[in-house]
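See structure below.
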Amino acid sequence: MNEGMNKVILMGNLGSDPELRYTGNGTPVLQLRMATNESFVDKNKEQKERTEWHNIVFWGPRAEALAKVLTKGDGVLIEGGLRTSSYEKDGIRRYRTEVIARELRFTGRRSMAQPPPGLEDDGEATQPGAAVPTTARPGKNGARGRPPEVPPLDELPY
């Protein structure tokens with residue numbers, strides 16, 4: 001049986017400074033708001049731009065490290081998977097869709113010749129356009145793994 005795939009790749013800018021919080025058991029959780037822009041031509045043949053806002057979440061030690069270096073306006077490429085949760089507020093069921101991020105790359109004007117403390121990974125330097133791999137959350141079997149890397153932008157298949 002085919003297991004399917006849940007993979008999202010977004011490139012845009014952070015719309016606010018990151019929010020670092022901790023779960024009840026002390027696990028770091030970093031929440032980001034990210035804007036992506038899309039240009040299109042409307043039915044009157046006028047050029048328009050639409051902005052979509054995305055909720056991005058990093059878990060674990062990587063969340064703490066990224067909280068120290070990310071700021072509002074940073075250009076980033078995020079790779080992860082979608083997760084939708086629901087809750088009830090004032091008797092109304094509400095839904096929230098988030099990207100559970102596994103990887104982040106800086107894009108645009110951001111330059112990082114030296115990786116900040118906590119972002120070193122296997123001795124690889126983080127440079128503009130380079131991946132900042134994350135550590136996956138433990139699965140049901142408790143194993144931790146390093147997610148696959150997103151290829152450089154010029155190698156994406158589209």
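Quick note on numbering: the sequence shown equals residues 1 to 158 in the UniProt record's numbering.
Even for Gly, the Cβ is constructed at its ideal location relative to N, Cα and C.
Remember, predicted model here, so these are calculated numbers, not experimental data.
Pick from E3, P18, W59 that is closest to K72, judged by C-alpha positions: Within the sequence shown, the letter at position 72 stands for residue 72. The candidate whose alpha carbon is nearest that of K72 is P18.
From P61 to K45, what does the alpha carbon distance come to, in whole angstroms? Position 61 of the sequence shown holds residue 61. Position 45 of the sequence shown holds residue 45. Approximately 48 angstroms, taken between the alpha carbons.
Let's see if you can read the secondary structure: which residues bound the alpha helix (DSSP H) around P61? What you label residue 61 is simply residue 61 of the sequence shown in a count that begins at 1. Residues 61-69.
Compute the distance between the beta-carbons of L66 and F58, then report whether it is under 7 angstroms. For the purposes of this step, residue 66 is identified with residue 66 of the sequence shown, where counting begins at 1. For the purposes of this step, residue 58 is identified with residue 58 of the sequence shown, where counting begins at 1. In this structure, L66 places its C-beta atom within 7 angstroms of the C-beta atom of F58.
My guess is that E49 and T36 are in contact by the Cβ rule of under 8 angstroms, so how many angstroms apart are they, rounded? As a working note, residue 49 is residue 49 in the sequence shown. As a working note, residue 36 is residue 36 in the sequence shown. Rounded, the Cβ-Cβ distance is 11 angstroms, inconsistent with contact.
Could you round the C-beta distance between L20 and V76 to whole angstroms and report it? I think they count as a contact, below 8 angstroms. Locating residue 20 in the sequence shown gives position 20, counting from the first residue. Locating residue 76 in the sequence shown gives position 76, counting from the first residue. Going by Cβ atoms, the distance from L20 to V76 rounds to 16 angstroms, so no, they are not a contact pair.
8 angstroms CB neighbourhood of R93 in its chain, flanking five on each side removed: Along the sequence shown, read from residue 1 onward, the residue named residue 93 stands at position 93. Spatial neighbours of R93 in its own chain (CB-CB distance under 8 angstroms, excluding positions within 5 residues in sequence) are listed in chain order as S86, Y87.
Straight-line gap, G24 to I9 (C-alpha atoms, nearest Å): Taking the sequence shown and counting its residues from 1, one reaches residue 24 at position 24. Taking the sequence shown and counting its residues from 1, one reaches residue 9 at position 9. Approximately 30 angstroms, taken between the alpha carbons.
Quick check on K48: does DSSP put it in helix, strand or coil? Position 48 of the sequence shown, counting from 1, holds the residue named residue 48. Strand, per DSSP.
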